[in-house]
Amino acid sequence: MEKIKELLRKYVINNEIFSRFVRIFSVDVLVRGANFFLIFVFLYLMTKEEFGIYGYLYSFAMTLSGILGFGFYISITKLYADTINDRKRQGSAIFTTTTSMLFLLAISLIVIYFTKIDVAFFSMLNNTSQINANSYLNYRLYVFIALVSMVFTTYLTFFFVGAEQIRKLQVFNLTRFFFANGSAILVLYFFDGNAAILRLAFTYIAELILTIIFGIFIFKSSFAKFDFFFLKKDFKIGLPIMVGTLISSVVGFGDKFFVMKFSGVDSFAVYNLGVMLSTIVLIVYQSFNFVWLPLFLKEKDLIVLRRKTNRYVALIFLSLSLLSIIICIGVVIGLKIELIPDKYSGVLSYLPLLLLGQVFAALVGLLVNFMTYFEKTYIQILVGAFVSLVGYFLYDFLVGNYFAIGASIALLLLNILSFLIYYFRIQYYINNRLK
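Converting from the sequence shown to our numbering requires adding 8 to each position, the first position being numbered 1.
In structure tokens form, the structure reads like this:
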């Protein structure tokens, strides 16, 4: 009994990471948990086809936002930690990174809009799907709004994380939940029209407004001095992440592309529900990583980092696996009491595989922190290229033969492969440094 109390005091009661996690997660439970229940609201406010199209366009916008963020959301966290002891240099780093990101995003959007690169990219990804390049043009403006909002939201979130301004992050998340989702639900309930367009437009216009308002905190922390030293650091850390995201879109978007290709929009709607439910696992991990990342980047002792990371790998795997079981039970109950429409019952056949795949995706996210720590984010390009190449053939074979279940199996295998590559690469880097 005393041994248990001692472990609780060490790892729970007196543990800084745990106490910070509880502070963030207490709000995230409300926001993310409420978002989870809102899925069921949208299932009834949207037709199966509209729900599938929205999910597909959301995934496409998310992929583009990962590329057009230029990886600067990671560099802002790293540079904040590196300049923690010099307020002026820190302000200059924030100013340089933020203004550069805004300038690059604006230029990119202008070029993309007039050259229609996004249309060509969408056509390449969806040349045989039911949402082709011509129909994409009807949604294009709203995809742009969504991706800009996603870039700003991600950048602002990582700024709050790097600055350890937990209270502001909590307020931001709460406000986003009520304002963005409330706007979309009210519009869908009271107005007729294409629900996919209405939800995209009103959700992300609302989020965009909020990111502009909360962005004031970034500029308050800035010192108006542009420093090319920090810009060089931004590119060194961020560009490999951007390129890696572009390459890894085969994995991140590939399952959706192949499900749409081989199964159609109605089957994709069911698969998309499974994807959305499985992201709960990643959301819980992200709450932990928001706490862990600033402390991780400030830690100089590699032996301590390795010991803690190995401990958290085991802890995260066990806790997220348990959460996955709870989610599966919840979906069964939801179908029984008709909280989830019966037409989505097929989700149960592959939800456990999607959940386990996301557990390994969370572990990959934990290990990728080391690439930022060692400033070797270019490794993500190499890993992404290799895993994407494997993924293309794996998705084509498994989804072509087993449809959504095949996509779930492929996603799981690819995330396990990524985890193993990063794990052994990190051990190599740490051992080299310790020599």
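A virtual CB, placed ideally from N, CA and C, is assigned to each residue, including glycine.
Skipping 5 residues on each side, what residues in its chain have a beta carbon closer than 7 angstroms to that of residue i?
| i | result |
| --- | --- |
| Gly373 | Tyr293 and Asn297 |
| Ile424 | Phe368 |
| Thr136 | Per-residue confidence for Thr136 stands at a pLDDT of 49, beneath the threshold of 50, marking its modelled position as unreliable; the derived number appears in the next sentence. Correct list, in chain order: Lys269. |
| Leu249 | First, the amino acid is wrong: residue 249 is Ile here, not Leu. Within the same chain, Ile249 has close Cβ partners Gly79, Ile82, Thr385 and Gln388. |
| Arg95 | none |
| Ser3 | The requested residue 3 does not occur in the structure, where the chain is confined to residues 9 to 443. |
| Leu383 | In the sequence on display, residue 383 carries Glu and not Leu. If we look at Glu383 and ignore the five residues flanking it on each side, its Cβ neighbours are Lys244 and Ile245. |
Could you tell me the alpha carbon to alpha carbon distance between residue i and residue j, rounded to whole angstroms?
| i | j | result |
| --- | --- | --- |
| Thr105 | Lys316 | 30 angstroms |
| Val321 | Gly201 | 46 angstroms |
| Arg97 | Thr91 | 6 angstroms |
| Val49 | Ser353 | 16 angstroms |
| Leu53 | Val355 | 19 angstroms |
| Phe180 | Val391 | 34 angstroms |
| Val20 | Val299 | Residue placement at Val20 is flagged as unreliable, the pLDDT there being 49, under the threshold of 50; the coordinate-derived value follows with that caveat. In a straight line, the C-alpha of Val20 is about 14 angstroms away from that of Val299. |
| Phe186 | Leu421 | 37 angstroms |
| Val310 | Lys244 | For the record, residue 310 in the displayed sequence is Leu; it is not Val. Taking the straight line joining both Cα atoms gives about 22 angstroms. |
| Ala214 | Phe68 | 19 angstroms |
| Thr380 | Asp404 | 32 angstroms |
| Leu343 | Pro349 | 7 angstroms |
| Pro302 | Val169 | 7 angstroms |
| Leu247 | Lys86 | 14 angstroms |
| Phe167 | Phe111 | 18 angstroms |
| Asn440 | Phe325 | 27 angstroms |
| Phe122 | Leu76 | 16 angstroms |
| Tyr358 | Gly365 | 11 angstroms |
Determine the DSSP secondary structure at residue i, reduced to helix, strand or coil.
| i | result |
| --- | --- |
| Gln173 | coil |
| Thr385 | coil |
| Ala415 | helix |
| Leu375 | helix |
| Phe304 | helix |
| Gly392 | helix |
| Lys443 | coil |
| Ile348 | coil |
| Ser357 | helix |
| Ser229 | coil |
| Phe7 | With the chain covering 9 to 443 only, the question about residue 7 has no answer from this structure. |
| Thr136 | Unreliable positioning characterises Thr136 in this predicted model, as indicated by a pLDDT of 49, which lies under 50. A coordinate reading is not provided. |
| Gly408 | helix |
| Asp309 | coil |
| Asp235 | coil |
| Gly338 | helix |
| Gly223 | coil |
| Gly272 | coil |
For residue i, which residues from the same chain have a beta carbon less than 8 angstroms from its beta carbon, with the 5 sequence-adjacent residues on both sides left out?
| i | result |
| --- | --- |
| Val267 | Ser275, Phe276, Tyr279, Val407, Phe411, Ala412 and Ala415 |
| Phe427 | Phe368, Leu371, Val372 and Leu375 |
| Leu206 | Ala192, Val195, Leu196 and Phe199 |
| Val340 | Leu356 |
| Lys306 | Ala89 and Ile92 |
Below 6 angstroms CB to CB, which residues in the same chain sit around residue i once its five sequence neighbours on both sides are set aside?
| i | result |
| --- | --- |
| Leu402 | Ala418 |
| Ala154 | Ala69, Leu208 and Tyr212 |
| Asp126 | Ile120 |
Determine, using beta carbons only, whether residue i comes closer than 8 angstroms to chain C.
| i | result |
| --- | --- |
| Met379 | Within the model displayed, chain C is absent; a lone protein chain is all it includes. |
Could you check whether the Cβ of residue i sits closer than 7 angstroms to any heavy atom belonging to the ligand GDP?
| i | result |
| --- | --- |
| Leu117 | For the ligand GDP, the structure offers nothing, since it holds no ligand at all. |
Sequence ranges, alpha helix (DSSP H) only - wholly within the segment 177-217, length at least 4: 190-198
Three or more C-beta pairs below 8 angstroms linking the segment 413-423 and the segment 105-120: no
Length at least 4, wholly inside the segment 41-129: the alpha helix (DSSP H) runs in chain order: Runs found: 56-76, 80-90 and 95-123.
Given 8 angstroms, three or more beta-carbon pairs between the segment 236-247 and the segment 214-223: Taking one beta carbon from each stretch, the segment 236-247 and the segment 214-223 have fewer than 3 pairs nearer than 8 angstroms; the two do not touch.
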